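With the working numbering, letter number 54 in the sequence shown gets 68, and the count goes up by one each step, no holes.
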Amino acid sequence: MCRYNLRMEDGLWTVVDATTQRPAELNNVQMARMTWREACDMVDILNNLDRISSLSECYEASAKAMA
């Protein structure tokens, strides 16, 4: 399941964080009022960053368990 999805608002697109149901933020900037292409790109980027973060946490826990 992906953490970030799209929602149309007033003809423009918002990237929504599924954990909060609020607009996603990147560096304190809301990912809202974007074109469809921009929003799709941001969903891909944010979901990839989320996956990387999750995997790094798993590897960190595994390394600590083996130490």
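Yeah, the Cβ is synthetic: ideal placement off N, Cα and C, and Gly gets one too.
What you are looking at is a predicted structure, and each value in this text was computed from that prediction instead of being measured.
Taking every protein chain shown into account, the CB of Met22 has fewer than 16 other CB atoms within 10 angstroms, so this residue is exposed. In summary, Val43 is exposed, with fewer than 16 beta-carbon neighbours lying within 10 Å of its beta-carbon over all protein chains present.
The three-state secondary structure of Asn19, taken from DSSP, is strand.
Our two residues, Leu40 and Ala46, have alpha carbons roughly 11 Å apart in a direct line. Bounds of the alpha helix (DSSP H) holding Asp58 are 50-80.
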